[in-house]
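Participant: So the protein sequences, as listed, match chains A, U and C. According to this note's numbering, the stretch in the first sequence is residues 24 to 352, in order. According to this note's numbering, the stretch in the second sequence is residues 1200 to 1528, in order. According to this note's numbering, the stretch in the third sequence is residues 605 to 1132, in order. Glycine included, each C-beta is placed from N, C-alpha and C at the ideal position. Computed from a prediction, not measured in an experiment: that's the story for all the values here.
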Amino acid sequence: MAVVAASGRGHAAAAWRTTLRDRPIIPLIGLLALLVLAIEAADFGIVTPEWAGVIVRASIPLAILAGCQTLTMLTGGIDLSVASVASMAGFVTATLVNSPGGVAQGIVVVLVAAALVGLVNGVGVGVFRVHPLITTLGMSFVVDGLANVWQLQTVQTGAGVPPVLRTMGSGIVGDVVPYSLVVFVPLAAAIMLGLRRTGYGRLLFAIGDNPVAARLSGVRSWQVLVVLYVISALMAAIAGLLISGLTNTASVTLVDTSLLPSVAAAVIGGTSIFGGRGGFGGTMVGALILTVLSALITVLGMPEPTNQVVFGSIIVIVAAAYTRVTSES
Amino acid sequence: MTALAVTTRRHNPDLAEWARRDSWTIGLMVLLALLLGFTKLIQPNYGAFGIQGLGISIMPLAFAAVAQAIVVIAGGIDLSIGSMMALTSVVAATQMEGQSGTFGVAVVAGVLLLGIALGALNGALVVATRVPDIIVTLATSFVWAGLALLVTAAPGGAAAPWLMSLTTGAFLSDWLPKAAIVLVVIVAAIWIPLSRSRLGVSLYAVGSDQLAAFRSGVAIGRTKVIAYAIAGLFGGLAGLSLTASTGIGTPVPGPYTLQSVAAVVLGGVSLAGGRGGVFGPLVAVIVLQLIQNDTTFLGIDPNYALVVQGVILVGVLILGSLLESRRAG
Amino acid sequence: MGAMTIATTGLVLEATGISKTYGAVVALKSASLAVRPGEVHALMGANGAGKSTLVKILTGAVRPDGGSIAVRGRQRTVHSPAEARHGGLVSVYQDPAIIPDLDIRANLRLTETRLEPFRHWLAEFGLADLDLSSLARRLPLASLRIIDLARALAIEPDVLMLDEMTAALPANLTERVLEVIGGMRGGDRSVVFISHRMSEIGSVCDRATVLREGETVGVVDVTAGSEERIVDLMLGQIVEQVIPQAEHAAARDETLPPRMSVQGLSQGTRLHDVSFDVHPGEVLGVVALEGQGQDELFQILSGARRPSSGQIVVDGTSVSFRHPADAIRAGLVYVAADRAEALLMQRSVRENIALPFIARIGRWGLIDLHREGRTVDEAVSRLQIDARAGNEVRRLSGGNQQKVTIARWVAGGVHTMLCFDPTRGIDIRTKQQIYVLLRELAEAGAAVLLYTSELKEVQLVCDRAIVIFGGQVVAEIDRADADEATLLHAAYHLQSGAALPQELAATAVEATGGEEPAAATHEPEVPA
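#1: Ends of the alpha helix (DSSP H) at U/Phe1248?
#2: How many whole angstroms separate the CB atoms of C/Asn1166 and C/Arg1012, which I take to be in contact at a CB cut-off of 8 Å?
#3: Excluding the 5 residues preceding and the 5 following U/Phe1433 in the sequence, name in chain order all residues of the same chain whose CB lies nearer than 6 Å to its CB.
#4: For C/Cys809, which three-state DSSP category applies?
#5: Kindly list, in the order they appear in chain U, the residues whose Cβ is closer than 8 Å to that of A/Thr158.
#6: Quick one: is U/Phe1496 near chain A, going by C-beta distance under 9 Å?
#7: For a minimum of 3 consecutive residues, which ranges assigned as the beta strand (DSSP E) are wholly contained in the stretch 760–824 of chain C?
#8: Can you list the residues of chain U that A/Thr95 reaches, using a CB-CB cut of under 7 Å?
#9: So the beta strand (DSSP E) C/His645 belongs to, where does it begin and stop?
#10: Just to confirm, are A/Met111 and A/Ala260 a CB contact at a threshold of 9 Å?
#11: Find the nearest neighbour of C/Asp669 within the set C/Glu1080, C/Ala635 and C/Glu1058, judged by alpha-carbon distance.
#12: Skipping 5 residues on each side, what residues in its chain have a beta carbon closer than 7 Å to that of A/Leu248?
#13: Against C/Arg689, what residues of chain U qualify as contacts under a CB-to-CB distance less than 7 Å, listed in chain order?
#14: Closer than 7 Å, Cβ to any Cβ of chain U: which residues of the stretch 701–715 of chain C, in chain order?
#15: Does C/Thr827 come within less than 9 Å of chain U when only Cβ atoms are used?
#16: Please list the partners that A/Tyr223 has in chain C, where partner means a Cβ-to-Cβ separation under 7 Å.
#17: Report yes if the C-beta distance between U/Ala1357 and U/Ala1292 is below 9 Å; otherwise report no.
#18: Considering only the alpha carbon of each residue, which of U/Gly1479, U/Val1424 and U/Ala1461 lies closest to A/His154?
#19: Is C/Ser1134 close to chain A, meaning its C-beta is less than 9 Å from at least one C-beta of that chain?
#20: Is C/Leu837 closer than 9 Å to C/Val939 when the C-beta atoms are compared?
#21: In the stretch 230–244 of chain A, which residues sit with their C-beta less than 8 Å from some C-beta in chain C, listed in chain order?
#22: Distance check for U/Thr1287 and U/Leu1439, CA to CA, integer angstroms please.
#23: Can a CB atom of chain C be found closer than 9 Å to the CB of A/Gln246?
#24: Enumerate in chain order the residues of its own chain whose CB-to-CB distance from C/Val821 is below 6 Å, with the five nearest sequence positions on each side excluded.
#25: On the DSSP bridge assignment, give the partners of C/Val1052 in chain order.
#26: Could you check where the beta strand (DSSP E) with U/Asp1373 kicks off and where it finishes?
#27: Please list, in chain order, all residues of the same chain as C/Ala646 whose beta carbon is under 6 Å from its beta carbon, the five residues on each side excluded.
#28: When burial is assigned at 16 or more other CB atoms within 10 Å of the CB, is U/Val1383 buried or exposed?
#29: Assuming C/Gln867 and C/Ser879 form a contact by the criterion Cβ under 8 Å, report the distance between their Cβ atoms to the nearest whole angstrom.
#30: Where DSSP assigns a beta bridge to C/Glu1080, which residues make up the other side?
#31: Which of the three DSSP states, helix, strand or coil, is assigned to U/Phe1478?
#32: Could you give the uninterrupted runs of the alpha helix (DSSP H) lying entirely in the stretch 865–935 of chain C, keeping only those of 4 residues or more?
#33: Say whether chain A places a C-beta atom closer than 9 Å to the C-beta of C/Met949.
#34: Which ranges does the alpha helix (DSSP H) cover as unbroken runs of at least 4 residues, wholly within the stretch 645–723 of chain C, from first to last along the chain?
#35: Excluding the five sequence neighbours on either side, which residues of its own chain have a C-beta within less than 6 Å of the C-beta of C/Ile1081, listed in chain order?
#36: Can you tell me which residues form a DSSP beta bridge with C/Glu618?
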């Protein structure tokens, strides 16, 4: 039906529509290439393998956080607690660096805490059907508050970002390959494989596409959602550890500025806020696009806040474009 | 026949109807009274001075909550309010600095118009792009925040002296903070005529049941744009009161977006739209502020206030969902 | 003002050649409707004949593809309900256009209705005591309908359209409504009246326009005995059989225990004490006019809703379902008419068919793509699904989409299949394939419950049929006797004469059916 309708309006437009709808990653990579060309034109010689390494290193934590948004958005949800959880993770690990168990203990504590946050989110969304936006927003208050309390109680103990995390977050092998790929590649592979090849991944799409159909097919969506929000919180914690390593900073507000970019990267990557459509491939490119875009803004000598204005405008434009091409009528 | 047995209460029908319809608000006011009593108990010299402080401190969030309430009643949500406040606040502070009082009045008018324009743009984007409210306003929140930082990178500017004196101190009695009077007068002057007009009724209609509203002859798109524009006006007022209470403009958004959503939900406005008013959210703002004050008086880490807010927000919604499902069947 | 223009045409409303297609589905081919001043004009037609679409077009809720509308001789284009109202056309629907979160006074403000005439009409209906400051959501549905009607009357439209508005009113109110409508005869204004109740048509209407398959097929003066003529027009000439009626051996074996036994099932005011058995090897038809409780029956059997009383016995064991997963486990699988309710529109044919396989928590792990592929391919070829555009199910034709929803269950083996109007809006070839498939399933020992709005399907597919009216089983008809005329009479509950048993009408109060729900506005899931 769509094919018939489109052929009347000219092949080029139809092909563009279809591509943007079915394989958004192709135009996205094109856009990324354009941005790289632009930055090279603005500052000749800047694009080198080392530059690429730095860009990838900066994109990785953002891609993970955007992964949280991608997975939750596939079901028609969103996770606004990721920034709080990520900040908490980096900060608490840093304060536990001198504890008997050392870094390992810190990381375990942080992952358990994150899982608990995710569990509450999942129960709120899946069992009590409170809007995901509100549930995760409320939990971000709770996490922020508790992290602040923790901060005041541990203010006297020695704290610092453990060297292991610094290496993980900011190390670059041979000036080109970021160390954090060690974490990211398996994680990304697991997400992409999980979405395509497992029953659980299929159910995320199913619930987001049509919760009524999923229910009528025997899916108990609360089970899926509880697990989902726990996964999301764990990923947020991992991203937080990497960011604190990357910036060598432990602060309870460290990741706050990445919340909106995480949603932006997922939306740009072609994941629909309505659910049922999208994937992690596009999200990764989306994270790269945002990182290169801020690099470009810096190279052009524009003030840093321009980033936000541009990011915001891009979200609206891209979301509107997706809404247009994916609505059948 | 039961179908005909429409209850009519001849004795004082207005009071009974009010009690039934506004039971949530009444409950909230009882909670407020209890909290005030509790405050007096733990802080015996809490008095006129404390009330004056309360009056000033609630003002920005109170206006933000009214703005949020209007959009939510009309079936939307505005995640850009905090950023809008930052933008209007810095514009006001930078333009007023070192200028005459009369110019200050012009600035106030200009800032309010700016707020209306920002809000109308939100609404127009929602209607024209058909992108969900959450995404559009999330995106514009980036834009407004970026613009605020472009206006001034650091907190600065100054409020006109008359603006500050308008909101500090008391009027007639020590127990009547000027800020509270200004707040109530402005909200009442806009909300009461609005809620009694056909436009006000249309806001509820669109939020409550779009199909029935359409069939009743309401222009859905236009009504939504107007709702966002009015919210923009209150966003501007919130920004102005930030400037008035701090004396400067701060380009970084405070936690007002999230808190305004919390206040609206606590204030008995249904996130599904069509239900509630602005009075409930105002009371909720006072309650939230008093909780924060009391934790300080009790020597508890004020960050717990944040935790409490998050717990209340999620708790109230879970309770609401439980009640709803019990009623449904 | 009207009196002068009447002279030009003599008609209050004249709609000619109205057409409307939704994608490939033709809702209206060429409908016309001519209403004289002072008459109550019935608009009749079987399910899906296009009545609702025509009303929506006349009131501006839907734009027609072609045709013209004239009110009192003047051409009108109506693009919104507000414009239609200014043009003198007002409609009252089965679900009232009343905002639930506003009080009645505010609802009147919304439509700029004057209070005095409104109160007058309320009093006419015996609701003079109504407190106008009551929130609409707190009032019973029947009152809201009356309020909606009183509001429409207060506007004094040239043409008042009543779309199934008496469908679930208590008997006493129905009577009042009919009296008021009857009282408008002979005046200057007119009423277009849509009802499934033949007795009401007979008592208030002057003429009837009959629609069939999107076309106006006749205008009848309503007199004693015109009912038969209307039914004939609705049926058309006896449609030739679509499949050679291979005399399906009655696979039903009464000696076997029933696969599923429904005993005394009730659900609120919609379903009352419904009992029947379905045997292995049998296709049991369910026949009902719209909104007679069949929706609730199927929702309960598929586990989507809980009954207020009664029980379901499957293979001799009493079962109760808290979730569709429970029904599926008990072997009851559900095929919906509304494909938007059953399909993941943006996902592939394969994912849609395989969805039930991965629903259980134990199946969340890696998918055995080979095995899944084989199972899906088998189902696809068995149902002859054309899966060329299979990346997204929404790009398939309606018929292929429907086959996908069936394939999902066939792939896993069928014990009991609940089909709710599975052939609605799909092409004739696919219909035939579905008939054949249902017979095959039955012959292989499955039990099939089939609700159909196309009466001729009963003789083609079913072994026998039960007829539901007002939430009760009012007839059971064997296949041999189940010709369309018999079924339609039974569905209108006409066989005993004309008058409608009052208690039946009174029991059907709480109708909730909305006629134009977008895919997004489905009933939210009932919390477990």
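Facilitator: Here's the rundown:
#1: For this step, residue 1248 of chain U is matched to residue 49 along the second sequence. U/Phe1248 -> alpha helix (DSSP H) spans Ala1247 to Ile1272.
#2: This structure leaves residue 1166 of chain C out entirely; chain C is present only between 605 and 1132.
#3: In the second sequence, the residue the question calls residue 1433 of chain U occupies position 234. So the qualifying residues of the chain are Phe1262, Val1265 and Ala1266.
#4: What you label residue 809 of chain C is simply residue 205 of the third sequence in a count that begins at 1. Correct three-state label for C/Cys809: coil.
#5: Within the first sequence, numbered from 1, the residue matching residue 158 of chain A stands at position 135. Simply Val1513 and Leu1516.
#6: Start at 1 with the first residue of the second sequence, and residue 1496 of chain U comes out as number 297. Interface criterion not met: the Cβ of U/Phe1496 is under 9 Å from no Cβ in chain A.
#7: The qualifying runs are 763–767, 794–798 and 811–816.
#8: Stepping through the first sequence from its first residue, residue 95 of chain A is reached at position 72. Per Cβ cutoff of 7 Å: no residues; A/Thr95 is ~13 Å from chain U at best.
#9: The count along the third sequence starts at 1 and reaches residue 645 of chain C at position 41. Its beta strand (DSSP E) spans residues Val644 to Gly649.
#10: Locating residue 111 of chain A in the first sequence gives position 88, counting from the first residue. Locating residue 260 of chain A in the first sequence gives position 237, counting from the first residue. Yes, Cβ-Cβ distance for A/Met111 and A/Ala260 is below 9 Å.
#11: Translated into the one-based positions of the third sequence, residue 669 of chain C becomes position 65. Nearest to C/Asp669 by alpha-carbon distance, out of C/Glu1080, C/Ala635 and C/Glu1058, is C/Ala635.
#12: Numbered from its first residue, the first sequence carries residue 248 of chain A at position 225. Thr98, Gly145, Val148 and Gly149, listed in sequence order.
#13: Along the third sequence, one-based indexing puts residue 689 of chain C at 85. Result: Gly1416.
#14: Within the stretch 701–715 of chain C, the residues whose Cβ lies closer than 7 Å to some Cβ of chain U are Ala701, Ile702, Ile703, Pro704, Asp705, Leu706, Ala710, Arg713, Leu714 and Thr715, listed in chain order.
#15: Mapped onto the third sequence, residue 827 of chain C falls at position 223. Chain U has no Cβ within less than 9 Å of the Cβ of C/Thr827.
#16: On the first sequence, residue 223 of chain A is found 200 positions in, with the first residue counted as 1. Contacts between A/Tyr223 and chain C, judged by CB atoms closer than 7 Å, involve Trp968 in chain order.
#17: What you label residue 1357 of chain U is simply residue 158 of the second sequence in a count that begins at 1. What you label residue 1292 of chain U is simply residue 93 of the second sequence in a count that begins at 1. Closer than 9 Å, so yes.
#18: Walking along the first sequence from the start, residue 154 of chain A turns up at place 131. That would be U/Ala1461, whose Cα lies nearest to the Cα of A/His154.
#19: Nothing can be reported for residue 1134 of chain C, as the shown portion of chain C is limited to 605 through 1132.
#20: Here the question's residue 939 of chain C lines up with position 335 in the third sequence. Here the question's residue 837 of chain C lines up with position 233 in the third sequence. Cβ atoms of C/Val939 and C/Leu837: not closer than 9 Å.
#21: So the list reads Asp232, Asn233, Pro234, Val235, Ala236, Ala237, Arg238, Leu239, Ser240, Gly241, Val242 and Arg243, given in the order they occur along the chain.
#22: Residue mapping note: residue 1439 of chain U aligns to position 240 of the second sequence, counting from 1. Residue mapping note: residue 1287 of chain U aligns to position 88 of the second sequence, counting from 1. Distance between the alpha carbons of U/Leu1439 and U/Thr1287 is about 7 Å.
#23: Indexing the first sequence from 1 puts residue 246 of chain A at position 223. In terms of beta-carbon proximity, A/Gln246 lines the interface with chain C, with at least one pair separated by less than 9 Å.
#24: For this step, residue 821 of chain C is matched to residue 217 along the third sequence. Within its own chain, the residues whose Cβ lies closer than 6 Å to the Cβ of C/Val821, once the five positions on either side in sequence are excluded, are Val814 and Leu837, listed in chain order.
#25: Mapped onto the third sequence, residue 1052 of chain C falls at position 448. The partner list for C/Val1052 (beta bridge, DSSP) reads C/Val887 and C/Met1021.
#26: Your numbering for residue 1373 of chain U matches position 174 in the second sequence. First-last of the beta strand (DSSP E) with U/Asp1373: Ser1372 to Pro1376.
#27: Indexing the third sequence from 1 puts residue 646 of chain C at position 42. Its chain contains Phe797, Ile805, Cys809 and Ala812 as the residues whose beta carbon lies nearer than 6 Å to that of C/Ala646, once the 5 sequence neighbours on both sides are disregarded; these appear in chain order.
#28: Within the second sequence, residue 1383 of chain U is the residue found at index 184, counting from 1. Around the Cβ of U/Val1383, a 10 Å sphere holds fewer than 16 other Cβ atoms; the residue is exposed.
#29: Along the third sequence, read from residue 1 onward, the residue named residue 867 of chain C stands at position 263. Along the third sequence, read from residue 1 onward, the residue named residue 879 of chain C stands at position 275. Rounded to whole angstroms, the Cβ separation of C/Gln867 and C/Ser879 is 5 Å, and the two are in contact under 8 Å.
#30: On the third sequence, position 476 is the one that residue 1080 of chain C refers to. Bridge partners of C/Glu1080: C/Ile1070.
#31: If you number the second sequence from 1, residue 1478 of chain U lands on position 279. U/Phe1478 falls in the helix class under three-state DSSP.
#32: Unbroken alpha helix (DSSP H) stretches of 4 residues or longer found wholly inside the stretch 865–935 of chain C: 898–905 and 928–933, given in chain order.
#33: The sequence position of residue 949 of chain C within the third sequence is 345, counting from 1. At least one chain A Cβ lies under 9 Å of C/Met949.
#34: The alpha helix (DSSP H) runs lying completely inside the stretch 645–723 of chain C and spanning 4 residues or more are 655–662, 685–690 and 708–714, given in chain order.
#35: On the third sequence, position 477 is the one that residue 1081 of chain C refers to. Counting only Cβ-Cβ distances below 6 Å, and skipping sequence neighbours, we find Ala1069.
#36: In the third sequence, counting from the first residue as 1, residue 618 of chain C sits at position 14. Beta-bridge partners of C/Glu618 (DSSP): C/Ala638 and C/Ala674.
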